[in-house]
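Going left to right, the sequence shown walks through residues 1 to 1129 as UniProt numbering numbers them. Input: a single structure, listed below in structure tokens.
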Amino acid sequence: MSDSILNEKAENCVSHDPEYDDTLGVPDSLEITINENENINSNNDTDNSERPGVIPFSAIHDLPKNFKNQYRNVFIPGEEVHVDIIDNERSVTTHPLNPNLYTIEFRHGPFIWTIKKRYKHIQNLHNQLKIYRTSLNIPFPTKSHKERRTSLKSLGDTKEGKGRKGALPRFPNKPDVLVPYEQLEHRKKVLEEYLTNLLKIKIYLHHPETVDFLEISHLSFIEDLGMKGKEGIVLKRTGSGARSRCNFCGLLEGMCCIRCTHFCTFLCRKWHSRHLVVKDTFVAYIEPKSGSIKSVILMDNGFGISFGLYTTGLRNGIQIVNLSRHILIKCWTRRKAKEWLEFIQEVSNREGRDFIQSNPHNSFAPYRSPIPATWFVDGSSYMSAVADALEDAKEEIFIADWWLSPEIYMKRPAIHSDYWRLDNILQRKAFEGIKVYIMIYKEVEVALGINSFYSKQRLVEKCPENIKVLRHPDHARVGVFLWAHHEKIVVVDQSIAFLGGIDLCYGRWDNNEHRLIDLGSTHHSSIYIPSKGRFTNTSSKKVSNANVKKHVLLPLAIATNTVVMATTKSIPVLPIINNKTSISPFSTSQLNAGDLLLLQPIEESDTMKCDTPNLERKNLFGMAKNTMDRMKHSIKLKRQELINMVYNPHEEDSDEEDVMTTYAMQTPIETSQSLVYKEDEVSEYPGVAKLWLGKDYVNFIVKDFNDLEKPYQDLVDRSNTPRMPWHDVGVMVQGATARDVARHFIQRWNAIKMEKAKLNSCYPFLLPKTYNNCSSSVPFIEKSTIHNVNCQVLRSVSSWSAGFLDSQTIERSIQEAYIEAISKAERYIYIENQFFITLASMQRSAVKNRIGETLLKRILRAHREGAVFRVFVIMPLLPGFEGEVGGPTGTALRAITHWNYASISRGKDAILSRLIEAGIEDPGEYITFHGLRTHAMLNGTLVTELIYVHSKLLIVDDNTVICGSANINDRSMTATRDSEIAVIIHDQEFEEGRMNDIPFPCGKFAGSLRKQLISEHLGLFKTNEDIDVTDIIKKSFYKDVWCARSNRNTEIYEKVFHVIPTDKVVNFSMLKQYQDEEPLSSSNTLLAQEMVEQIKGHLVNMPLRFLCNEDLKPAAGTVEGMMPTALWT
């Protein structure tokens, strides 16, 4: 009885129509059991709360899944898959059993793609799904279900029931070989119906066999990756990746002959199954077992595909190559190989054309237009904008820096505690699920103290899952010891890109005021102290700490002497610069701790005699001792209070830092002072915080970086060493240009991944977004500062820095853009750069870049034509290397100085020498060289320091700008050395302007940037002078304002401070004598103050005769002398 019931139920499950197999029908409320312990509902969709009907770009970073995993949902939530068989090819001779090749078009949301399948492929899918169905716990059909199934089978093509969700997938059993040609259209409709109904049943739609049949993956329907493209399983040969070499079964390393290489390839290499993906600008392949991307091949001007026995050695083989990778794949049939070939060629010639074609300046990327762009002068505005962009990130953050300091404050002062500290910003975003990828230069530790290892560890520990940091290069492995990754890039969501000369590191934050001092709320000393030999800057002689006697009673002696002198009025008392506070010279209780601690140590204090009677002297001694004890206690309490306001509250202070030692008294900067500027000095900054905390207070010519793991410990003594201000320029670009910058980052990241972390799944391959929709929003940028421009990304990269296979492949589009811009200049060229190492010579000897030669030709052409043409060059007065110019520590500093002067004014190939040789009596009519300098009052004494010009900027004719990370030297321009990135910008929006009193269009981007820089250097923001900077080449401005102000400022600085470099010093003996002379700032302070008030702006002359009688090249016996010349040029 029971057997008959089972047989009856089984008959109900089998179709009575022999032409169709409809056994794949399932109940609507089916729950599938995937694992023994886990059930999922067939209606379960991928969560996507942000944009319904769209898979976000962040899905590419989801945990990869095996292609056979039932949980692997690759479809757009809420979107059905529509099927249309649009064509068929019939070939009875070559395929007698399956003569019809159907072209099937699928539509899923906005994506459309086609595949070619034969009847046997559809039949195989059907059989696999039948096997799968038998494994499911499906209840036997009820009577109502049987009736419904019968009614569905009888539905015609035009009836509404065809598209119903519950329609049965009815597979035609008759093979194609038995279907006559006249019934092909009907056969196409039947197969189309079957696939349509099948794909409406979710348990079949998500089945791995269906996904494989549809040729899709988790990358298929991500909108920001562009079109669906073409996908499918292929076989890839091992060892056909980047820089592969024969190793004879692992026994040898690249030492075999060519024939042995072929033999080893044939013998040792294997074929592995890979899922190949072709998108609009790249090709990638995925390992089906893990679901992870194993390689990304970007389309570039070396991209190509070849097919066939001649090029691949295989009848069904395809070779895909670009400048960095080559892979060999094998398809199942020759037809499939041809399909891949045709599709990749079509896509590369259409969507990938921008990267395959030859672009202007031989750049990897074309010009893009219109591109919203914004400039930033100095680090304050730049870092603030970067911080806002990072805060708005939704998917990805890319950062590439020469140096990155995790504890850098992006917005200042730090009135919001450490909210805007870089590592905390990145941590917040990482906790939100945003992926952060950082590349930093891996320095040679014995040569540089930037400690990239500390930076990496500090950042990764914030969120190891989402913050990934790669350091490069591994010097010994790559064989690169002298060159660096010098780019400065921040890219957010591949839609907003920042670049220029500003690293996110110590010393870079500054504004147009370029302050020298930052003592916080510690008031300047109210007592005047002669400053000779006490203050340290680039113009002072260095005094060895070994010569200073550290007597145990020295701090007490200093305090005692101070009280005595202040009480007896034996030294003048200067009023403190504070309108709200007046300090009596008799009131020691009102003296700040810093005032006593900042006093000059007296070497002979233990033997010093005073005119005070012994008894009174003892009383003063005791009074000073008690005062110091009280102050030490109050300093400690106040220090702890203020540290808690600025430091991370979770950081514990070491006991060593809490103890006020004798050495700490001598070096008061180790005792933390309150972190604020006085209101009258920084009235626009509320709150209590220093602008430059700890290591961020920099004067790297006086002292280079060390102990970076102690970020809040000062490098130099703020009480006697002014900081070195930092002048720099950056830009922000959006849209397609931001995509290009991101593409450069992705190329470098993937190259480093292949080289260092190929098998490390923690470091994924990155994918570039499509260029179809590059819109972005920057609400944190004022609209009036955003201008639409024509923009192109430029680079200096080579094999070691970008991962090119051929060591001869280079891109030096930055130099080519410089040369073209200079050659086409009509009225003026404005240059700001950290270096000027470029010889004005046709011969390529020690210096190979051609920028100096091009400048010479352009000036000579203007001279022949009698045209007014100006070249403005702003550069640092001294190179940024630690050391004393005239001392043994300044070898590297002098080496760079030598090459700068060799390019400017010394030697036969210097540009000024060549101009004079060509008959130009006064080259200053065409080109002038300047630096920047400023001054301030530090503890009652006038001090000065140069402003370090770190910009990498070229402006031409108020319509063209080149801004990036590249210096004017061979390291940046030849491409085989440092890696660099820049953008060239041409204005598209203009306003009225004038050049030499003739109307001339002024670009809104280039013109506004040039006016900002000119105004800053001339001090117009402070003086509010009515000086028109519209026409900068006419004589009344060029000579009477620009050059005259530079000359006057230079003269005052030399008289008041005895600054170096200076034209008054031509050899080392004169330098020593010059530094020994007492400057006016020490001998006559009142006159000195009157004179410095006449200084306007920061502009000064570049002293072209400084040490001109000395050979500044490193001596042969020194370490620097043994290094190759290329290190300095």
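Each residue gets a CB set at the ideal place from its N, CA and C atoms; glycine is no exception. From a predicted model like this one, the values you see are computed outputs, not experimental measurements.
- When Cβ pairs closer than 8 angstroms are counted between the two stretches, the stretch 1063-1072 is seen not to touch the stretch 862-878, the count staying below three.
- By the neighbour-count criterion, in which a residue is buried when 16 or more other Cβ atoms sit within 10 angstroms of its Cβ, tyrosine 71 is exposed.
- As the crow flies, the alpha-carbon of tyrosine 132 is around 37 angstroms from that of glutamine 319.
- Here DSSP, grouped into helix, strand and coil, assigns leucine 235 to strand.
- In the displayed model, serine 306 falls within a strand according to three-state DSSP.
- Counting other Cβ atoms within 10 Å of its Cβ, proline 175 stays below 16 and is therefore classed as exposed.
- Phenylalanine 835 counts as buried, since no fewer than 16 other beta carbons sit within 10 angstroms of its beta carbon.
- When the five nearest sequence neighbours on each side are left out, the beta carbons in the same chain lying within less than 7 angstroms of the beta carbon of proline 473 are those of Lys442, Val480 and Trp800, in order along the chain.
- Around glycine 53, the same chain offers Ile76, Pro77, Gly78, Glu79 and Gly109 as residues with beta carbons nearer than 8 angstroms, after the five sequence neighbours per side are excluded.
- Leucine 759 is classed as exposed because its beta carbon has fewer than 16 other beta carbons within 10 Å across all chains shown.
- Contact between the stretch 328-337 and the stretch 294-306 is absent: fewer than 3 CB-CB pairs across the two stretches fall below 8 angstroms.
- Burial of aspartate 401 is indicated by the presence of at least 16 other C-beta atoms within 10 angstroms of its C-beta.
- Under DSSP, the beta-bridge partners assigned to tyrosine 20 are Pro172.
- The beta carbons of isoleucine 904 and isoleucine 911 sit about 6 angstroms from each other, so the pair counts as a contact at 8 angstroms.
- Linking leucine 767 to isoleucine 746 through their CA atoms gives a straight-line distance of about 7 angstroms.
- In the structure shown, phenylalanine 213 falls within a helical segment according to DSSP collapsed to helix, strand and coil.
- In this model, serine 813 and tyrosine 926 are separated by some 27 angstroms (Cα to Cα).
- Taking one beta carbon from each stretch, the stretch 961-970 and the stretch 982-993 have 3 or more pairs nearer than 8 angstroms; the two touch.
- Nearest to proline 888 by C-alpha distance, out of Ala1115, Val943 and Arg353, is Ala1115.
- Rounded to the nearest whole angstrom, the CA to CA distance from valine 1029 to alanine 497 is 30 angstroms.
- If you draw a straight line from the Cα of leucine 1112 to the Cα of serine 761, it is about 51 angstroms long.
- Beta-bridge partners assigned by DSSP to methionine 439: Ala400 and Leu470.
- Cβ neighbours of histidine 82 within its own chain (closer than 8 angstroms, five residues either side excluded): Phe106, Arg107, His108 and Thr196.
- In the structure shown, the three-state DSSP call for proline 372 is strand.
- Your pair isoleucine 440 and arginine 471 checks out as a contact, with CB atoms roughly 6 angstroms apart and the cut at 8 angstroms.
- In this structure, Phe431 is the residue among Ser381, Asn98 and Phe431 with its C-alpha nearest to the C-alpha of alanine 393.
- The Cβ-Cβ distance between asparagine 1049 and leucine 1099 falls below 8 angstroms.
- Under the DSSP assignment, leucine 125 falls outside any beta strand (DSSP E), being part of the alpha helix (DSSP H) whose first and last residues are 119-134.
- Contact check for proline 879 and leucine 893: beta-carbon distance about 5 angstroms, within the 8 angstroms limit, so the pair qualifies.
- Nearest in C-alpha terms to phenylalanine 1057, of all of Glu945, Gly317, Tyr454 and Pro64, is Glu945.
- When Tyr409, Ile752 and Asn316 are compared, the shortest CA-CA separation from arginine 477 is found for Ile752.
- Judged by DSSP in its simplified three-state form, arginine 844 adopts coil rather than helix or strand.
- CA-to-CA, the gap between threonine 311 and histidine 275 works out to about 22 angstroms.
- Here aspartate 987 carries a strand assignment [DSSP, helix/strand/coil].
- Here glutamate 215 is not near glycine 226, since their CB atoms are 8 angstroms or more apart.
- With respect to valine 731, leucine 499 sits close: the two C-beta atoms are nearer than 8 angstroms.
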